[in-house]
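Chemist: In mature numbering (1 follows the signal peptide of the UniProt record, and there is no 0), the protein residues as written are -24 to -1, 1 to 301.
The beta-carbon is built from N, C-alpha and C at its ideal position, and this holds for glycine as well.
Remember, it's a predicted structure, so these values are computed and weren't measured experimentally.
I have a structure here, written as structure tokens, and I will follow up with some questions on it.
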Amino acid sequence: MSASFRRIAACLSLALGALGPAHAQSPAASSGRPLRIVVPYASGGLADITARLLSEHLAARLHQPVVVENKPGANGAIGTAQVAKAAPDGNTLVYVVSSHVFGRALIPDLPFDPIKDFAPVTLATRTAMVLVASPSLPVNNVPELVAYVRARPNQLAFASAGNGSNVHVFGQWFADLAGLKMTHVPYKGSAAAHMDLIAGRTQIVFDTLGAVQPHVAAGNLKILAAGAERLPKYPDIPTVAEAGYPGFRAESWGAVLAPAGTPAARIDQLNREIVAALNLPEVRKRLEDAGAQVVGSTPAELGQTLVAEEKKYGDLIRRMGIRLE
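Okay, structure coming up:
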């Protein structure tokens, strides 16, 4: 076991130990207690923005205080582990992104099951991902990028928002499909990755459209391809699949989960009120401006998505040999 993996395991152990005997508590929702929404990532990202938007409206709709807590670390595993072991009384939620389903493939000793230890509430949003390049890179599309990198094996780098992030996994998947020998450079979040990309210290990144859009609009980054479907804002830019790599599809999503065992009536109430909040015109506009598409699924639909994507991406991650260490 590597030193870095031991640090991750120690952090997870401390996080779970701090919870105490949470499961022994009675699973009864109480309007006198605050509703906690844990965001297991750094503040400022789309997950954080969405959770805080929801909190503003849920407080009024549920007649209950709502508190958002950022608990980043280990690609979201630390904060998510705390929610997995929290009392299933309907007063603790976690807002996760698509890398949630990567957990067991990345961390063999993950102390929670990303599927069985949670009750799905709703798939809140889907977010387009794009392949963007440094302005100093003399390419403007995927075929030009592939030719340029193949001529310079092991000389160029792709950035990510951290080891095991969806940005990392999709970047590595594309490089493997295209037969590109590139160095992976992880950062602590997308903002730092984008700064070095703009400066030319790295050459490409796969990230959400909302995260890179300000830099694209300013002319500091250029979009080479869409990850899943053509973008309404950039309809002439092809997808990676259209550019010659069928089967490749990169998009992110955000979802709300509760601890397993949360009463079905409370799950239904939370689903109903969260979906209603997501569809408020001001919330929808704010999320669309950030590059997200509102979904607002049923709990059952989210459950099906989690199972299917854990299988798909777990197999992919193991095949590529990515580990969080």
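Measure from the alpha carbon of Val232 to the alpha carbon of each residue in Ala57, Ile13, Ala27 and Tyr71, then state which is nearest.
Modeler: When each option's Cα is compared against that of Val232, the closest is Tyr71.
Chemist: Consult DSSP for residue 353 and reduce its assignment to one of helix, strand or coil.
Modeler: Coverage of the chain is limited to positions -24 through 301, which leaves residue 353 absent and any answer about it impossible.
Chemist: Taking Gly223 as the reference, give the member of Arg262, Leu113, Asp152 and Ala169 with the closest Cα.
Modeler: Comparing Cα-Cα distances from Gly223 to each of Arg262, Leu113, Asp152 and Ala169, the minimum goes to Asp152.
Chemist: Tell me the DSSP secondary structure of Gly290 in three-state form.
Modeler: Correct three-state label for Gly290: helix.
Chemist: For the structure I just gave you, are there three or more beta carbon pairs, one from the stretch 106 to 113 and one from the stretch 172 to 183, closer than 8 Å?
Modeler: Verdict: yes, contact present.
Chemist: In whole angstroms, what separates the C-alpha of Ile298 from that of Arg37?
Modeler: Their backbone Cα atoms lie some 42 Å apart in a straight line.
Chemist: State the Cα-Cα distance for the pair Ala154 and Arg28, rounded to the nearest angstrom.
Modeler: So the alpha carbons of these two residues sit roughly 39 Å apart.
Chemist: Tell me which residue opens and which closes the beta strand (DSSP E) that Met105 is part of.
Modeler: Run containing Met105: Phe94 to Ala109, per the beta strand (DSSP E) assignment.
Chemist: Between Ile243, Ala241, Leu246 and Gln269, which lies nearest to Pro208 when the distance is taken from Cα to Cα?
Modeler: Ranking Ile243, Ala241, Leu246 and Gln269 by Cα distance to Pro208 puts Gln269 first.
Chemist: Determine, using beta-carbon pairs with one atom in the stretch 40 to 56 and one in the stretch 13 to 32, whether at least three such pairs fall under 8 Å.
Modeler: Cβ pair count under 8 Å is three or more, so yes.
Chemist: Decide if the stretch 270 to 281 is in contact with the stretch 93 to 104; the criterion is three or more beta carbon pairs, one per stretch, under 8 Å apart.
Modeler: Yes, the stretch 270 to 281 touches the stretch 93 to 104.
Chemist: I need the straight-line Cα distance from Gly203 to Tyr221, nearest angstrom please.
Modeler: C-alpha separation (whole angstroms): 11 Å.
Chemist: Under the assumption that His170 contacts His191 (Cβ atoms under 8 Å), give the Cβ distance between them as a whole number of angstroms.
Modeler: Confirmed, Cβ separation roughly 6 Å.
Chemist: Report the rounded CA-to-CA distance for Ala193 versus Gly140, giving the unit in angstroms.
Modeler: Taking the straight line joining both Cα atoms gives about 28 Å.
Chemist: Please return the same chain residues whose Cβ sits closer than 7 Å to the Cβ of Ala35, not counting the five positions on each side in sequence.
Modeler: Closer than 7 Å at Cβ, skipping near neighbours: Pro41 and Val42.
Chemist: Could you tell me if Ala57 is buried or exposed, where buried requires 16 or more neighbouring beta carbons within 10 angstroms of its beta carbon?
Modeler: Answer is buried; the Cβ neighbour count reaches 16.
Chemist: Confirm, please, whether the CB-CB distance from Asn196 to Ile213 is below 8 Å.
Modeler: No, the pair does not count as a contact, with Cβ atoms beyond the cut-off.
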